[in-house]
Structures are given as structure tokens and as C-alpha cells.
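Peer 1: Chains as they are written, first to last, in our numbering: chain V, 1 to 421; chain Z, 1001 to 1479. Below you will find the structure I want to go over with you.
Written out as C-alpha cells, the structure is:
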């Protein structure tokens, strides 16, 4: 079947791959230079982990939302589904970016990043957790997570693209059949990935809601990215008739509902319950984030990631204005990057053990912000931009040959005719 | 209405299945739904259940009097289980109460057109369940005659409630929620009340329905205002549902007690409320559609959809149980670990086993389409979920049983008053619900009509995009 030009990336794909990929590599090269000058490997890897989690959350959200479409037999979203699948398809190669961290763990020099790898100091709690938190099992889990994500994203992408050619509804049935199992696999892998790669950075600390908090972040990352992807494609003259303001408004609602309101709700739950009960084992993580320089950062997240977008996105007018919603999407991606930074960077200070009061601890941290991991560096930005460039290039690569909409999906006409009001 | 000629559970991506069966015009829809209210005599089963439910409700009244006259010692509450059945019942009912509006408002925001058959049910259920829920803390305070002290009312003694207590937040949260739910239910019912008014066969009905339909004439302007108000109430109700059940979870989670204090409680309680609520909607809908012949509206597809949601939310609840267990071990906190092992293997292990069997294992039957479209199987499963969700709260509350002071450990035993009040609360709930079925429009007549293909005529018949599930002219949130 011949699809018109505006359904294909065509010449745009190689251009994006060259530009974004090239810019990404340059940014990564700068990062490496900066890291070598800085000379602190652990510091570099913290920065790298922030960037990696940031670029992972975008396709993870895409995979989640693709599965949701099949679970609910959604009609409105079909015109956008290929783009979701294309973003998710990056999970087939993102494991490559995980290799540096894997190598670091295997080489046994990751105890600066993951303190549970440090066996030199006797620590009762960490010994208790060793059956879960040990290098071998951690690596097996990471391989399992990436394997499952690659399989799922490939399955949905492949079947959907195959349907473009034949129009056979069997593909729809196949995807709908796997969707519930896929959702369970997704929920478990994403939760434990969040535990392994973010929560275990402070290995004594624990929170049952942590996986859900990370999930809320993936929603924010993905819906913002989807809006930007559509916006970019329409600027290039693609999908101009197929994706309408109605779709923008709906994705905007989802960004509002899950990326802003749900994120705020989960974040608040995690904070309030720990703050209120005030149990020493749990408050450490929050003390690191509410004393000294991270205090301002935490407030910035609360206001910037929740309060401001809540007010801005509540009206339909912002969601139905292409440029405005694209601007909000960029803003939310920045906020999400700050969120990942805030999740990874802060360190629970050793001074906590001898501090006589919170006030005293706060003063001590103010005089030496590095003790709570507050060491902003240019490479944080360059590393993030580098990996983001690769993700953009990767997305263009995934979508380079297929149609940009599932042209023969049985529910496409519903999506094209869909109206909010 | 014996057998359905159309099987609308068949999955065909090319066509949206019909959601209203055997009707091709609006008049017959009105006739069939209004028949529930207008038939001279309700089915015999209605009298029988109302008799039993009314008797139980009466017993509840007597027991409350006994409690007030004697004191809260008539309950099995002891030290350290200061909260026994009353809080279990409160959370159980308030969970069911939260589900109704959640079902109605969230399915509305997600443009699920099949909601129109069950939303009125679900909303009514909410109101009655919140009434049952609110009663328990109300009579638990000891001096019922000063119950108004729950509210921060300025007084000459300068006495204020403890603002830092989640129990006070509950007063506000549940109060607000009840108010908005009542408005949501009532506003949605106005056009249907007007229908009953217009069809009233005697003066009393005409005056009663006429009074509550607020002069509805069905003009375009009325509809416009109505749709706006409904949308706003749905958008308001949704975050309220989340906030209310989260606040209920705070009752436990802000404490330092192992088994109560865990950060996943707020979303876990919300998921549990949807889970239990859908089960209760099914419990009411399955017999009601049989007795009143509503199978053309509450079709097998509706039941199947609800069963799927029960499977989904049951899985979320299962996820929360698993997280609690995993983190209890991972935390390396001995008390946390003890609390969970004790739940599963301690003196109330059987309650835990019931909870897991009913909430996690039983819904797994719904993976099979044959089982989830079988009325008997689904009825058994939803009954199990009802039981399981009550026991979930029982298990959580009984974390109190073995506190930090082993000398005070004892076996919690409910008294006959505890059991009588639990049964009585079901009686009250069912009495209200049976009266609702008889005297108010049980299915949203106007909304059901809007999802029929006839509501959306297309002279040229172009495109499959105008099927019943998603089409042009959806009512939908724009906020």
C-alpha cells in the first residue's frame, strides 16, 4: 500500500538522525572531557545515571501507554499510537547505554554509586538485604528488565507495522491478547527497576510507594515527549490532517492528570507519611532533601512540577493551542529532568549520626553542600543532552521506514473523527 | 426477556458492540426503565428482601440505643485493639462509598459510554454506603450527644478538635465527599425525575417528582446548563474520591505502627475502594437486572467490563500486598518484618488467608472469558471480593493486636453487638437501596438514550467511527 508522503518521515529521518545523533555524541564527548578534568568517576556516573533514567522514562511511559490502548480497546488514540510505539521501540537498544553502569558494577568499583556494594564496612541492615542487593542478582535483574522491555516494545511495534501492510485484524487481536500479561510484566519490571537503580542509591532507606512515584515520572516524561513529537512532525508537514487539536487536548489532559496531579499526589503521600510518623530509618532520605541546598530544590519541584502546571493546564485553552502546549511539554520535560536529578543526586550525610539537632545539621550542610551530594556541574547538563540526542535519533531511526500512523488499524476512522465537544 | 439474541461480548475491532439491546427507539427505553417505578407491584423478592433488610436495620437501631445507654464497652474493643469492628466497618463502607462516585465520574471523564447503565446504581450506592460508614465513628465517640464537637465550632470553653489528627481530616473529607456525591447524584437525576413527573399517574407522585425535578422543561438552555454542571461536578468529584480514601488511609499510615505505616497506603486504599466498589455494584446489579428485566441495559458486556476492572484492581491490590511484604523484609526493621509474618501466620492467620483467597486468588478466574461471562461464577466471585475487602480492613486494624508490649497481647474477639451492628449496617444499606430502586429512576434514562445509535443519526452512513463506544457527540470533560 502506498502511503502519502505526509505519513512517512522520508527525508526527515536521516536529517534528524544526523543532527540529533551528532549533537548527542558531541555533548557526550564534552561530558567525557569534563569528567576527565573533574577526575571523580563516581561523580560522573551519578550524572550519567540521572541522564539514563531520564531517557529511559520516556520510552517506558510509551510502552505503558501502548499497552493501555490495547487493554482498553481505545479508539481516540489510534492516530497517535504509532508514535507511542516508536518511542517505546527505543527500549530495544537502550540497554547499550546501560552497559557503562553494568561494567562499573562488574568491575567492583561501583560502591561509590551503590553503597550496598561496599562490603568493607560491617553493616547489619545491608547484610540482611544482601540476598536481594548483591551484584550478581542485580545484574541478572537488569538483564531481565531490559530483555522484557525489548521483547514487549518489539512485539507491539512489529505487529502494528505488519498490520499496515495487510490490514488483518488478527494483529489487533494478538496485541489485545498479550496486553494484560504485558501490563503485569511492565508493572513489576518498572517497579523493581526503580528500586534497583534509584531507591538502592540510599540502600538503608525504603518506601513502598517508590515504584509508583517513578511511574508517575514516566507519565510526565512520555506525555510531554508525545506532544513534542507530534508538534515537530506537524511542523514538518506530517500528519497535519490526522492529528487534530482534539488529540492535543486529550494528551494534554493525560499530562495534567498523570504527569502533574498524580505525580503530586504520590510525591505528597511519600513525603507526608514519612514526615508525620518521623521514624529515623525513613526520615534520612527526606532530611537529605529538605536541609541545606536541596531544600530549595525540593520546593522548586513542588511548585514547578505541580503547582504551576496544575494551574496552567487546567483550562482547555492551553491544551488546544499547539505552540502553548508544546512549550508546556518542554517545560515539563525540564521539570522531569530535575525530578530525576533530585531522585539520584542527594546523599544522606554521615553527619546525621552525630548531629545534635536538625538546625545544627542544616548549618553543617550549608557550610559543605557536597556532603549531601549538592555539587552541580556542567556535565550534568551535557550528559543529559547527550543521551537525549541519542534518544531523538533513535526514535527517528525506529520510525524511518514505517508509516507514522497505523494506516489500516480497524479503529483508525474513530480516531480521525474524534471530537472532544 | 428470557434469552438475549445478541451476544455483545464478542470482540470485533471493526465494530463497536451495541450497549443497548432490543431497542430501536427512545420511547420503548423510557417505558422499560420507568416500568420499574410504575408497575403497580414490585416483584415478590423485593418485599422479602425489604422485610429482612428492614428488620436488620431496625435491629441496628436497637443496638445503637443499647450502645448509647450502656457505653462502648459492649463492643469487643480492648486495649490495645482500641478500634475494633467500628473502624473496620467504617473503612469497609466508606470504601464502597468511594467507589460509586469514582466509577461514575472517572468513567465519565474517560468517555466510557457503557457507564450510563450502571452510574445511577453506583452513585446511589455511594450515598447509602457513606451513610452507613459515617454512623460508625459517630457512635464510637462515647458521648454521642456531643458529636458536634467533631466540628471546629467556636465555643466559650475554647475547646478545639485536634487539627493534627487524621480523624479530624476524615470529618472534613467525608463531609465534603458526601455533599458533592449527593449533588452529583441528584443533578444527574433531574431530567429523569422530570420524565417520571410527566408520566405520573397520581397527584402525589406528580407533586413529589415535580418538586425534585426543579421545573425541568428539557429546553436547550436547560440541557446546556445541565451538561456544564454535570461536567464540573464530575471533575470535582474525581480528585475528591482520591483525596477522601487517601485521608482514610492516613488514619492508619501516619501512625508509627508496623503494618500501618507504609507509604503505598493512599493509592492502595483507593485501588481497594474501586475493587470493592465494583464488586458491590455487581452484587446489586446482577439480581436487579434479573428481577426487573433490565438485561437490555445492563448487558452481559457491562458485566464483563466490570469483571475486567475487578481483575485489574484486584491485581493492583495484590501488587500493594506484595510491595508491603517485600519492603517489610527489605527494610530490615525487625518490627516491620514481625508484623507481616504475624499477619500471615499469627493467631489471625485465617483472616489473612481469607483476604488473600478472596481478593487475589478468586478474581483470577476472570482471566477466562467463559467464567467472567457466567452469571453464577461472577456472582460467587464478587461475593468473595465483598468478604475479602471486609477482611482486608480487619487484618489491617488487627495489626494493633500485637503491639510493642507483649504483656498486653490478647486475642481480639468481637461481641454479639459487634456482629449485630455489622449485619445491621447491611440491613440499613439494603433498605435504602431497595427504596431507591422502587421510587427513583434506577438507570440514567436520558444518558442511556444518548449512547444509542439513534441519538447520532448519519444519513450517509460513512465510516465505522461512529460506533457506540466512541463517536461524534460524546459528552466529555474539557477541563
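Glycine is no exception: its CB is placed at the ideal position from the N, C-alpha and C atoms. Predicted model, so just to flag it, every value in this text is computed and none were measured.
1) Give a yes or no on whether 8 Å exceeds the smallest Cβ distance from residue 1480(Z) to chain V.
2) Can you grab the Cα-Cα spacing for the pair residue 20(V) / residue 54(V), in whole Å?
3) If the cut-off is 8 Å on Cβ atoms, which residues from the stretch 1240-1258 of chain Z count as contacting chain V, listed in chain order?
4) Is residue 1014(Z) close to chain V? Criterion is C-beta to C-beta, closer than 8 Å.
5) If we count the other Cβ atoms within 10 Å of its Cβ and call it buried at 16 or more, is residue 357(V) buried or exposed?
6) Under 8 Å, do residue 242(V) and residue 416(V) count as touching if we go by C-beta distance?
7) Determine whether the beta carbon atoms of residue 320(V) and residue 236(V) lie at a separation below 8 Å.
8) Quick check on the DSSP output: what are the complete beta strand (DSSP E) runs of length 3 or more inside the stretch 65-118 of chain V, in order along the chain?
9) Could you spell out where the alpha helix (DSSP H) holding residue 1429(Z) opens and where it closes?
10) Tell me whether the beta-carbon of residue 1238(Z) lies closer than 8 Å to the beta-carbon of residue 1107(Z).
11) Write down the C-beta distance between residue 275(V) and residue 301(V) rounded to the nearest angstrom, noting that I regard them as a contact closer than 8 Å.
12) For residue 308(V), would you say it is in contact with chain Z, using Cβ-to-Cβ distances shorter than 8 Å as the test?
13) Compare the C-beta of residue 410(V) with all C-beta atoms of chain Z and state if any pair is closer than 8 Å.
14) What is the C-beta distance between residue 1444(Z) and residue 1192(Z), in whole angstroms, given that I count them as a contact (C-beta under 8 Å)?
15) In chain order, what are the residue ranges of uninterrupted alpha helix (DSSP H) at least 4 long that sit wholly in the stretch 270-316 of chain V?
16) Keeping to the same chain, check which residues put their C-beta closer than 7 Å to that of residue 353(V); ignore five residues upstream and five downstream.
17) Comparing the C-beta of residue 1098(Z) with each C-beta of chain V, is any distance below 8 Å?
18) Within the stretch 1259-1324 of chain Z, note down every full alpha helix (DSSP H) run reaching 4 residues or more, in order along the chain.
19) Can you check DSSP and say which residues form a bridge with residue 403(V)?
20) Kindly say whether residue 1323(Z), judged by its beta-carbon, lies nearer than 8 Å to any beta-carbon of chain V.
21) Going by the CB atoms, is the gap between residue 1360(Z) and residue 1314(Z) shorter than 8 Å?
22) Would you say residue 2(V) faces chain Z, with C-beta separation under 8 Å as the test?
23) Nearest chain V C-beta to residue 1457(Z) closer than 8 Å, yes or no?
24) Quick check on this structure: which residue in 369(V), 67(V) and 245(V) has the alpha carbon closest to the alpha carbon of residue 174(V)?
25) Rounded to the nearest angstrom, what separates residue 1388(Z) and residue 1096(Z) at their Cα positions?
26) Could you tell me whether the Cβ of residue 273(V) comes closer than 8 Å to any Cβ of chain Z?
27) Are residue 259(V) and residue 224(V) touching if we call contact CB-CB under 8 Å?
28) Any residues in the stretch 1342-1358 of chain Z with a beta carbon nearer than 9 Å to a beta carbon of chain V? Which ones, in chain order?
29) Which residues in chain Z have a C-beta closer than 7 Å to the C-beta of residue 69(V)? List them in chain order.
30) Residue 1476(Z) by DSSP, collapsed to three states: which one?
31) I think residue 1037(Z) touches residue 1439(Z), with their Cβ atoms under 8 Å apart; what is that distance to the nearest whole Å?
32) By the three-class DSSP mapping on this structure, what secondary structure does residue 1049(Z) have?
33) Determine, for residue 401(V), whether the minimum Cβ-Cβ distance to residues of chain Z falls below 8 Å.
34) Among the candidates 1026(Z), 1010(Z) and 1195(Z), whose CA atom is the shortest distance from the CA of residue 1450(Z)?
35) Helix, strand or coil, according to DSSP, for residue 356(V) in the structure here?
Peer 2: For this structure:
1) With chain Z represented from 1001 up to 1479, any question about residue 1480(Z) goes unanswered, as that position is not in the structure.
2) A direct Cα-to-Cα measurement between residue 20(V) and residue 54(V) gives close to 17 Å.
3) For the stretch 1240-1258 of chain Z, which is checked against every Cβ of chain V, the residues closer than 8 Å are 1242, 1246, 1250, 1253, 1254, 1255 and 1256.
4) yes
5) exposed
6) yes
7) Against a cut-off of 8 Å, the Cβ pair of residue 236(V) and residue 320(V) comes out as no contact.
8) Those beta strand (DSSP E) runs which fall completely within the stretch 65-118 of chain V and span 3+ residues do not exist here.
9) 1416-1439
10) no
11) Not a contact, Cβ separation roughly 15 Å.
12) no
13) yes
14) About 6 Å; that satisfies the 8 Å criterion.
15) 280-290, 293-301 and 308-313
16) none
17) no
18) 1265-1291
19) 8(V)
20) yes
21) The answer is yes: Cβ separation under 8 Å.
22) With a pLDDT of only 48 at residue 2(V), under the threshold of 50, the placement of this residue in the model should not be trusted, and no figure is reported.
23) Answer no: the Cβ-Cβ gap between residue 1457(Z) and chain V never drops below 8 Å.
24) 67(V)
25) Taking the CA atoms as reference points, residue 1388(Z) sits about 13 Å from residue 1096(Z).
26) yes
27) yes
28) none
29) Within chain Z, no residue comes near residue 69(V); the closest Cβ sits about 12 Å away, beyond 7 Å.
30) A caution first: residue 1476(Z) carries a pLDDT of 36, below 50, which makes its placement in the model too unreliable to give a value.
31) With a Cβ gap of about 6 Å, residue 1037(Z) and residue 1439(Z) count as contacting.
32) helix
33) Not an interface residue.
34) Selected option, being the one with the closest Cα: 1026(Z).
35) coil
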